[in-house]
Amino acid sequence: MHIPDGFLSPPVWATLDVAAVPAVALMARGARQEIEERRIPLLGVMGAFVFAAQMINFPVGLGTSGHLVGGTLLAITLGPAAASIVMTAIIVLQAFIFQDGGIVTLGANVVNMAVVGVLAGYLPYRLVSGAGARRDGDNPTSTRWRSSAIFLGGVLSVLASACLALAELLISGVPMPRRMLWVSLGLFLVSALIEGVITLAAVGAIERLNPLWVRSPKDSGSRALGVVAIAAVLLVVAGVVGASAAPDGVWSLAAQLGMSAQPPSWLHAPLAGYQVRNFESTWVRKASAGIAGLLMTYAICALAGRAMAARALTTRAGVRQRSA
Amino acid sequence: MHHVVVEQWSRGSSPLHALDARAKLGALLGFLIAISTTPPLAQAAFAAYAGVLFSALVAARLPLGAMFRRAALVLPFAATFALITWWSGDGARALALAEKSFLSGLAALLLIATTPMTQLLRALDSLGMPRPLVLVIQFLYRYLFVISEQAQHMRLASRCRQGPSAGRRSRFRAAAGAVGVLFARSWERADGIYQAMLARGFTGRFPAFAPARFRIRDGAFLVAVTAISVAIRVSL
């Protein structure tokens with residue numbers, strides 16, 4: 102679900118844009134560890150593969166067909182950070198070329214699908230490496246564990262990103278009756294299950310062609326990414342629970358609870374200073390918060406880039422010293 | 003495929019095409035932020051945004067009908083939520099949702115229809131987007147159409163082989179197989195591409211034929227669009 106421009110309220114998109122920048126920077130760094138640096142261009146071609154694979158229809162019953170979304174498939178073939186970069190690239194291109202998803206909501210879409218979606222999809226696969234499922238050839242139990250992890254990964258990936266998108270829309274004050282909310286959650290669950298089945302089948306087909314293309318759970322991704330993945334899933338759960346507790350938006354909940362028109366202070370994210378439904382607040386505050394968000398995004402981006410480059414230099418120097 | 007049309011538009015010549023991509027990107031962001039913060043009841047402001055976009059479309063000598071149709075791609079999603087909003091009794095807000103998403107989509111389309119992808123990516127690169135991501139987007143865009151076409155050929159071939167009577171299970175398995183084969187072919191193609199590029203002296207970034215320069219008129223355009231957006235946002 103790509104959120105177009107105009108749907109998220111400024112505090113929501115600004116916060117997510119700011120959150121997306123360090124996340125993508127972290128993933129870019131991780132991708133350099135997972136894939137030899139010289140092979141980074143390969144990821145672009147694999148992104149084109151995901152685009153193309155989405156055209157292949159899978160019959161899923163009742164006369165309908167589904168297609169692969171691909172986050173989990175990429176995560177267990179290329180590694181989670183590299184997969185996240187590829188999905189980010191796909192989302193950026195879709196926003197610019199195919200009018201699929203907005204520009205100021207780019208951060209939201211990247212967080213939903215490329216960061217949380219990929220990490221949530223990868224999490225079960227990462228966990229089976231610890232759950233006694235060593236990948237030792239023909240052991241049927243471990244194969245079953247692995248298969249269920251891949252299936253569950255596909256399910257979680259789609260479910261997490263869809264629920265997160267829904268939560269963001271609700272927090273932005275897009276009204277949705279409670280019954281509609283349940284219907285859409287049901288639809289998300291169905292498409293998540295479809296993604297699980299398709300991912301499992303596709304990974305099986307890839308593995309038959311060349312087993313080396315599918316990474317073993319153990320040597321894919323660092324522990325830090327695992328922690329981030331768990332945090333991402335928890336974030337989604339919290340977001341969905343919070344949002345479904347207040348289907349008319351968090352602000353109306355606050356109003357019901359007898360708080361004044363002022364939202365609670367913890368909702369004053371660094372940029373908040375405006376209220377979604379309160380249009381008397383001056384435009385200056387809104388606009389300057391938006392611009393401040395962008396500037397902050399840019400500053401964080403630039404600083405993270407500097408820091409990463411500096412660290413890369415020192416580690417490389419260290420390696421050179423050790424080898425000398 | 004219709005993306006090729008945008009690629010052709012972006013090669014046009016007009017004052018808008020000639021501007022630096024960074025200026026256009028900055029102006030787009032200012033414009034989108036103004037739209038995004040506009041309250042739903044300010045219909046005059048939406049009309050003014052539409053007027054700005056319309057004059058930009060004319061200045062860029064772009065085909066109006068085709069641009070509107072493409073920007074309308076956002077409408078199914080927008081209309082769904084607008085209907086829900088309208089249904090729950092907030093008509094003004096429903097209208098504003100559809101207007102905001104259509105105008106924003108049109109503005110983004112205007113950028114991509116006046117800026118070749120290579121220039122846009124170079125602008126993103128020089129504004130600090132991580133290099134791996136820029137490279138991935140570059141390759142993705144280059145090979146998107148090649149591999150999509152391959153997928154279409156495979157789909158056609160498998161339809162010819164199966165006929166309409168194949169069972170669901172076998173069609174499902176065939177689709178999974180097709181994804182696997184497509185993966186293998188993409189992987190091998192990527193390897194081949196990479197070797198070929200190394201042989202031709204690829205250093206990790208694409209050379210720019212004409213170095214992008216931020217001139218006075220680029221700055222003037224950026225300031226003007228931002229000022230107009232802010233003015234509309236404040237006064238209407």
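So the sequences go chain by chain: Z and W. With my numbering as the guide, the letters of the first sequence map in order to residues 102 to 425. With my numbering as the guide, the letters of the second sequence map in order to residues 3 to 238. Glycine included, each C-beta is placed from N, C-alpha and C at the ideal position. Note that the structure is predicted; figures quoted are calculated from it, not measured.
Would a check of beta-carbon distances place residue i closer than 8 angstroms to chain W?
{"i": "I204/Z", "result": "yes"}
{"i": "V146/Z", "result": "yes"}
{"i": "F252/Z", "result": "no"}
{"i": "N213/Z", "result": "no"}
{"i": "I272/Z", "result": "no"}
{"i": "Q200/Z", "result": "yes"}
{"i": "L282/Z", "result": "no"}
{"i": "R316/Z", "result": "no"}
{"i": "F210/Z", "result": "For the record, residue 210/Z in the displayed sequence is Asn; it is not Phe. Not an interface residue."}
{"i": "G107/Z", "result": "yes"}
{"i": "L310/Z", "result": "yes"}
{"i": "G305/Z", "result": "yes"}
{"i": "A129/Z", "result": "yes"}
{"i": "I192/Z", "result": "no"}
{"i": "L143/Z", "result": "yes"}
{"i": "V289/Z", "result": "First, the amino acid is wrong: residue 289/Z is Phe here, not Val. Answer no: the Cβ-Cβ gap between F289/Z and chain W never drops below 8 angstroms."}
{"i": "F380/Z", "result": "Confidence is the limiting factor: at F380/Z the pLDDT is only 39, short of 50, which leaves the residue's position unreliable and the question unanswerable from this model."}
Among residues of its own chain, excluding the 5 on either side of residue i, which ones have a beta-carbon nearer than 6 angstroms to its beta-carbon?
{"i": "L108/W", "result": "L55, A73"}
{"i": "G203/Z", "result": "P105, D106"}
{"i": "H19/W", "result": "T116"}
{"i": "A121/Z", "result": "G208, V211, V212"}
{"i": "D127/W", "result": "V136"}
{"i": "V125/Z", "result": "T189"}
Would you call the CB atoms of residue i and residue j closer than 8 angstroms?
{"i": "G254/Z", "j": "G222/Z", "result": "yes"}
{"i": "L142/W", "j": "L194/Z", "result": "yes"}
{"i": "A182/Z", "j": "E269/Z", "result": "no"}
{"i": "A125/W", "j": "A23/W", "result": "yes"}
{"i": "R157/W", "j": "M156/Z", "result": "yes"}
{"i": "G172/Z", "j": "R316/Z", "result": "no"}
{"i": "L207/Z", "j": "I192/Z", "result": "yes"}
{"i": "T189/Z", "j": "V170/Z", "result": "no"}
{"i": "Y226/Z", "j": "I186/Z", "result": "no"}
{"i": "A263/Z", "j": "F289/Z", "result": "yes"}
{"i": "Y145/W", "j": "G131/Z", "result": "no"}
{"i": "S248/Z", "j": "L294/Z", "result": "no"}
{"i": "S258/Z", "j": "L109/Z", "result": "no"}
{"i": "A25/W", "j": "F223/W", "result": "yes"}
{"i": "A154/Z", "j": "A153/W", "result": "yes"}
{"i": "R170/W", "j": "P160/Z", "result": "yes"}
{"i": "G182/W", "j": "L310/Z", "result": "yes"}
{"i": "V232/W", "j": "A36/W", "result": "yes"}
{"i": "W11/W", "j": "L64/W", "result": "yes"}
{"i": "A129/Z", "j": "P42/W", "result": "no"}
{"i": "A47/W", "j": "L238/W", "result": "yes"}
Is there a Cβ from chain Z that is less than 8 angstroms from the Cβ of residue i?
{"i": "L66/W", "result": "no"}
{"i": "I234/W", "result": "no"}
{"i": "I218/W", "result": "no"}
{"i": "K102/W", "result": "yes"}
{"i": "F83/W", "result": "yes"}
{"i": "I195/W", "result": "yes"}
{"i": "W189/W", "result": "yes"}
{"i": "D127/W", "result": "no"}
{"i": "P134/W", "result": "yes"}
Using a 10 Å radius around the Cβ and a threshold of 16 neighbouring Cβ atoms, would you call residue i buried or exposed?
{"i": "D118/Z", "result": "buried"}
{"i": "E101/W", "result": "buried"}
{"i": "C162/W", "result": "exposed"}
{"i": "T82/W", "result": "exposed"}
{"i": "L85/W", "result": "exposed"}
{"i": "T117/W", "result": "buried"}
{"i": "V219/Z", "result": "buried"}
{"i": "L113/W", "result": "buried"}
{"i": "A103/Z", "result": "Residue identity differs from the one stated: residue 103/Z is His in this sequence, not Ala. The residue is buried, with at least 16 neighbouring Cβ atoms inside 10 Å."}
{"i": "G32/W", "result": "buried"}
Within a Cβ cutoff of 7 angstroms, which residues of the same chain sit near residue i, ignoring the five residues on either side of it in sequence?
{"i": "T87/W", "result": "R95, A96, L99"}
{"i": "L123/W", "result": "V136, I139, Q140"}
{"i": "S17/W", "result": "Note on residue identity: the sequence assigns Pro, not Ser, to residue 17/W. Contacts found: A61."}
{"i": "S285/Z", "result": "L267"}
Using a Cβ-Cβ cutoff of less than 8 angstroms, which residues in the same chain neighbour residue i once the five nearest sequence positions on both sides are dropped?
{"i": "Q121/W", "result": "A23, A214"}
{"i": "L111/W", "result": "V8, M69, R72, A73"}
{"i": "L77/W", "result": "A100, S103, F104"}
Does any residue of chain B bring its CB to less than 8 angstroms from the CB of residue i?
{"i": "I114/W", "result": "Among the protein chains of the structure shown, namely Z and W, there is no chain B."}
Q) Can you list, in chain order, the stretches of the alpha helix (DSSP H) that have 4 or more residues and sit fully within the region 197 to 269 of chain Z? A) 207 to 210, 219 to 229
Q. Fully enclosed by the region 153 to 194 of chain Z, which beta strand (DSSP E) runs are 3 residues long or longer?
A. 159 to 162, 165 to 167
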